[in-house]
Every structure is written in C-alpha cells, then in structure tokens.
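Student: Residues 5 to 238 in my numbering are what the sequence shown spells out, letter by letter.
Cβ coordinates follow ideal geometry from the N, Cα and C atoms, glycine included.
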Amino acid sequence: MVRGLLMHSSMALTPDGVPLGLAALQFRSRQRFKDANAPERGANPTRVRIEEKESHRWLENLRESGRGAPAGREPIDWKLLTSLPVSTLGEAVEKMDWYALRWKIETFHKILKSGCRAEDSQLRTSERVVKLIALYCIVSWRVFWMTMLNRANPQAEVSQVLTPEEQAALDAVVPPKRGHPPHSTLGDYLKALARLGGWLARAHDGPPGNMVIRRGWRRLEDIVLGFKIAKTYG
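1) Could you please give me the residues that DSSP links to SER14 through a beta bridge?
2) Do you know offhand how far LEU24's Cα is from ALA75's?
3) With DSSP as the reference, label PRO158 as helix, strand or coil.
4) Taking contact to mean at least 3 C-beta pairs separated by less than 8 Å, is the stretch 150 to 160 in contact with the stretch 124 to 137?
5) I need the boundaries of the alpha helix (DSSP H) containing GLY94, first residue and last residue.
6) Could you give the first and the last residue of the continuous alpha helix (DSSP H) run that contains ALA295?
7) Below 8 Å on the Cβ atoms is my guess for PRO158 versus GLY191; work out the distance and round it to an integer in Å.
8) Taking 8 Å as the threshold, find out whether the stretch 132 to 147 comes into contact with the stretch 113 to 122 through three or more Cβ pairs.
9) In the DSSP output, which residue or residues are listed as bridge partners for PRO23?
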C-alpha cells in the first residue's frame, strides 16, 4: 500500500518578515483513506470533536469586520483570538500585522516544492523521504532568510550570509556592472547571486526573489567547489 506523507511546519519570524528558522516540523501519514467527496455512511460531521478533525492542526480564528459592504448585505466578519493584552488601537493593528505574516509559511513551502522540488523524490520509504525533506527544509529556510534579510537590511554585513570563498567566487564570476563600485554590502552580493540564477538586474526590476536566489546559490556552490579543486590540484 502506498500512503502519502503530510508535513506541518511552524516558522519564527521577525516583525519585518525575516524568517529566523523553523520552530516545529511534524510528519505524519493517514491511517485510513476515503474518497473526499463521499463521506462515511452514517457519519455526522457536526458530532465529530474538533480535536479529532484533521483541520484542527491548522485551526486559526480571525475576526475583522469588512468595510464598504454593498447595500443590503452584511459585511464579512472575522475574529482573531489572542492571549496577548490589547488595550489600544495600535496594539490591535500590531496583532493583525503579526497574523498577516502567517502567509510567509506558504512562501517557504513554495521554495520547498518548486525550488528544491521535494515532491519529485523517488525514495520509496517514509523514513528516507522524511530525512530528505528535513534537509530540504534547511536549504529552503536559508534561501528565504537570505531573500528577506536583503529586503529588510540590504546594507548589512555580507559575512552574515556568505563565506569568504563564496564572496570571492561572486567577485570573480559576477563582477559589478561598468561604472558601479565593487561589491561590499549584502545587497550587492545578493544581486550578484541572483544574476547567477537568471535575474536580469534591470533598472526597473524589483529586488530578487526566492527562486532566482535559489538557482543562483546552487550555481555558486558548484563554482566554489570548482575553485577549491583548481586551487588544490591545479
């Protein structure tokens, strides 16, 4: 019997949206299967305890009244529950901003699936798949972290992100454009890294995204390895 493997992850973020790392990572597999469009006979979903439902793992409660509702219609009403004190409008907005950051986990999963192509694995046992995905999660987090740190603080020290060997490789392979100063900041080096991944670096382009950073980083690691081989045996 072939069973799917489900992953549920939690991520810690700064208020600026920079991912600090995974706070939790759980893997599980369903013990029984059924057609999603054909509920079990005699089953009353209203009688099933919330703790027994699969959706309980992703339970979120939000309350926010929609504005500008059409005449004659009730506005959308959501509720956000929090254990933190809220005594001012500013504190309420702050909690809503924190909740909005939950979308970042979807970006992380996109890097994991589309960047690392985790679902394309041909491994045949759940134990091996879990180990592979755990490794991919570290890679995906680092790609996401580099991308968001660059957006939050492009003037940061590049040594926080890249090794001296990686910096030297980027200086050699992706030199600054004509008329531009040498690479010095995190933003300079991340742009060079993104150019390795296919980012065009045009004047009207926004900051590089996760996918080009992922492709560029993969190429950079091959280049660094080539430099090390040439230095050792050349």
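Tutor: According to the structure data:
1) In the sequence shown, counting from the first residue as 1, residue 14 sits at position 10. SER14 is bridged to ALA28.
2) Stepping through the sequence shown from its first residue, residue 24 is reached at position 20. Stepping through the sequence shown from its first residue, residue 75 is reached at position 71. LEU24 and ALA75: Cα-Cα distance of roughly 45 Å.
3) Walking along the sequence shown from the start, residue 158 turns up at place 154. Of the three classes helix, strand and coil, the one that applies to PRO158 here is coil, per DSSP.
4) no
5) If you number the sequence shown from 1, residue 94 lands on position 90. The continuous alpha helix (DSSP H) containing GLY94 extends over residues 93 to 104.
6) The structure shown does not extend to residue 295, since the chain is modelled only from 5 to 238, so the question has no answer here.
7) The count along the sequence shown starts at 1 and reaches residue 158 at position 154. The count along the sequence shown starts at 1 and reaches residue 191 at position 187. PRO158 to GLY191, Cβ: 3 Å. Contact.
8) yes
9) Looking up residue 23 in the sequence shown gives position 19. PRO23 is bridged to LEU17.
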